[in-house]
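Chains Y and C supply the protein sequences, listed in that same order.
Numbering-wise (the working numbering), the first sequence opens with residue 645 and increments by one.
Numbering-wise (the working numbering), the second sequence opens with residue 27 and increments by one.
Below: the structure, in structure tokens.
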Amino acid sequence: MTPKRRRLWLLIGSLGTLAVAAALVLSALNDNLVFFYSPTQVAEKSPGPDRRFRLGGLVEAGSVQKEGQVVRFVVTDTHKTMAVVYRGMLPDLFREGQGVIAEGALGGDGVFVAREVLAKHDENYMPPEVAKALKEAGRWKEGK
Amino acid sequence: MADLHFLANPARFRRFSQRVLPGLGFATVLMLCACLYMAFFVAPADYQQGQTVRIMFLHVPSAWLSMMGYALLAGLGASLLVWRHPLAALMARAAAPVGASFAAVCLLTGSLWGRPMWGTYWVWDARLTSMLLLFFLYLGHIALSRAYDEPERGDRAAAILALIGVINLPIIKFSVDWWNTLHQPASVTRLDAPAIHNSILVPLLWMAVSLLFLFVFLVLLRTETEIDRRRLENAAAQEEGAPA
Numbered sequence: 645m646t647p648k649r650r651r652l653w654l655l656i657g658s659l660g661t662l663a664v665a666a667a668l669v670l671s672a673l674n675d676n677l678v679f680f681y682s683p684t685q686v687a688e689k690s691p692g693p694d695r696r697f698r699l700g701g702l703v704e705a706g707s708v709q710k711e712g713q714v715v716r717f718v719v720t721d722t723h724k725t726m727a728v729v730y731r732g733m734l735p736d737l738f739r740e741g742q743g744v745i746a747e748g749a750l751g752g753d754g755v756f757v758a759r760e761v762l763a764k765h766d767e768n769y770m771p772p773e774v775a776k777a778l779k780e781a782g783r784w785k786e787g788k
Numbered sequence: 027m028a029d030l031h032f033l034a035n036p037a038r039f040r041r042f043s044q045r046v047l048p049g050l051g052f053a054t055v056l057m058l059c060a061c062l063y064m065a066f067f068v069a070p071a072d073y074q075q076g077q078t079v080r081i082m083f084l085h086v087p088s089a090w091l092s093m094m095g096y097a098l099l100a101g102l103g104a105s106l107l108v109w110r111h112p113l114a115a116l117m118a119r120a121a122a123p124v125g126a127s128f129a130a131v132c133l134l135t136g137s138l139w140g141r142p143m144w145g146t147y148w149v150w151d152a153r154l155t156s157m158l159l160l161f162f163l164y165l166g167h168i169a170l171s172r173a174y175d176e177p178e179r180g181d182r183a184a185a186i187l188a189l190i191g192v193i194n195l196p197i198i199k200f201s202v203d204w205w206n207t208l209h210q211p212a213s214v215t216r217l218d219a220p221a222i223h224n225s226i227l228v229p230l231l232w233m234a235v236s237l238l239f240l241f242v243f244l245v246l247l248r249t250e251t252e253i254d255r256r257r258l259e260n261a262a263a264q265e266e267g268a269p270a
């Protein structure tokens, strides 16, 4: 074996080991690497009150109620839902049917009290005319 | 691969780069002007984001190029450590600051987009954090390669760092699929059709091509400078070492 060969195999071997180590660490930390929990995951884990976490999902259509500064809405992942109450400014993209991530904790009554609400943008980009045409043709968000 | 081997010799590389650089620079300026015009004036606004979508024309190609640049650093690191190519170390020194700049542009433009769209400049989700780590890996590479009195030792240490950091590239790419993140999933590089309408996708891809030209131009130019610098340093050392 020439020195070049030996160095090449050493390099391949150490990179392979490193990749396996990284994969093990990342899968062990999987629970901490997720940015938010869906309502279904929250229902499974049932975190106690005062345990802060992020709740993510879609704003259920027709669920948004505004009373002055206080906003109430329902977050859904199409399986389970969770009621949210929030006091403060909402991001521009916040609307019904839109993905949101709320940070806060469960109140005593099972309602999620949010301290911060972020809008989640999806991966679809198109001009307004195309969006309008798709909606009119009834092909909006098909296959999802 | 064998055809490119002639470029591993710094003197031959220098002759090659001097031939292509003027034309490449001219093409880069032309393409950038045309593509920036397309991105800012021809491409339509988005149905949800409005004009803010134009930030993507800089943000997305910068992200791609910063990742490509790091893959280049790792490849150069391997060719330095395994085959001891004399040009690899010089080109890695030239490429690292260029890649770091693209990573910085990606982070800054992303942050400026995030404020109006998400409602925050920054969150610690998997995509954003792994991208920030890429920027720090670049900074570490730059610092490490210049940390020794003998440049060869710095080159080798930086090459090892580049190879270790390459693990981060698939993590950046797949972070949005493996974990739920605030950052949206891939729109262009996915198995089915892109989720971007052609009127926005075409300017985006052209922007990526012209910034790739800019990247290659800057790396070739800086590599040439590194070759000259190394020659001058060697000449100065010989003069000092051979007194009358």
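Don't be surprised by glycine CBs; every beta carbon is placed ideally from N, CA and C.
| Asked | Found |
| --- | --- |
| Determine the burial state of TRP653/Y: buried for a count of at least 16 other Cβ atoms within 10 Å of its Cβ, exposed for fewer. | exposed |
| Is it buried or exposed, CYS59/C, if we count other Cβ atoms within 10 angstroms and call 16 or more buried? | exposed |
| If you measure between the beta carbons of VAL131/C and HIS85/C, is that distance less than 9 Å? | yes |
| Which class does TYR63/C belong to by DSSP, given the choice of helix, strand or coil? | helix |
| Count the other C-beta atoms from every protein chain shown that fall within 10 angstroms of the C-beta of PHE67/C, then say buried if there are 16 or more, exposed otherwise. | exposed |
| Start and end of the beta strand (DSSP E) containing PHE24/C? | Past the boundaries of the shown model lies residue 24/C; chain C is included only from 27 to 270, so the question cannot be answered. |
| For ARG40/C, does the three-state DSSP call read helix, strand or coil? | helix |
| Suppose the cutoff is 7 Å on Cβ atoms and the five residues either side in sequence are ignored; what does the same chain contact list for PRO211/C look like? | VAL202, ASP203 |
| In its own chain, which residues sit with a C-beta less than 7 Å from the C-beta of PHE161/C, not counting the 5 before and 5 after it? | ALA126, ALA129, ALA130, LEU133 |
| Does any residue of chain C bring its CB to less than 9 Å from the CB of HIS765/Y? | yes |
| Starting from the Cα of LEU187/C, find the closest Cα among TYR174/C, LEU170/C, ILE198/C and give me that residue. | LEU170/C |
| Could you run through the segment 73 to 89 of chain C and flag, in chain order, every residue whose CB is less than 8 Å away from some CB of chain Y? | TYR73, GLN74, GLN75, VAL79, MET82 |
| Can you tell me whether VAL714/Y is buried or exposed, with buried defined as 16 or more other CB within 10 angstroms of its CB? | exposed |
| In the segment 765 to 782 of chain Y, which residues sit with their C-beta less than 9 Å from some C-beta in chain C, listed in chain order? | HIS765, ASP766, GLU767, ASN768, TYR769, MET770, PRO771, PRO772, GLU773, VAL774, ALA775, LYS776 |
| Can you tell me whether ALA781/Y is helix, strand or coil according to DSSP? | coil |
| For GLU656/Y, count neighbouring Cβ atoms within 10 angstroms of its own Cβ and tell me buried if that reaches 16, exposed if not. | First, the residue type needs correcting, since residue 656/Y is Ile and not Glu in the sequence shown. It counts as exposed. |
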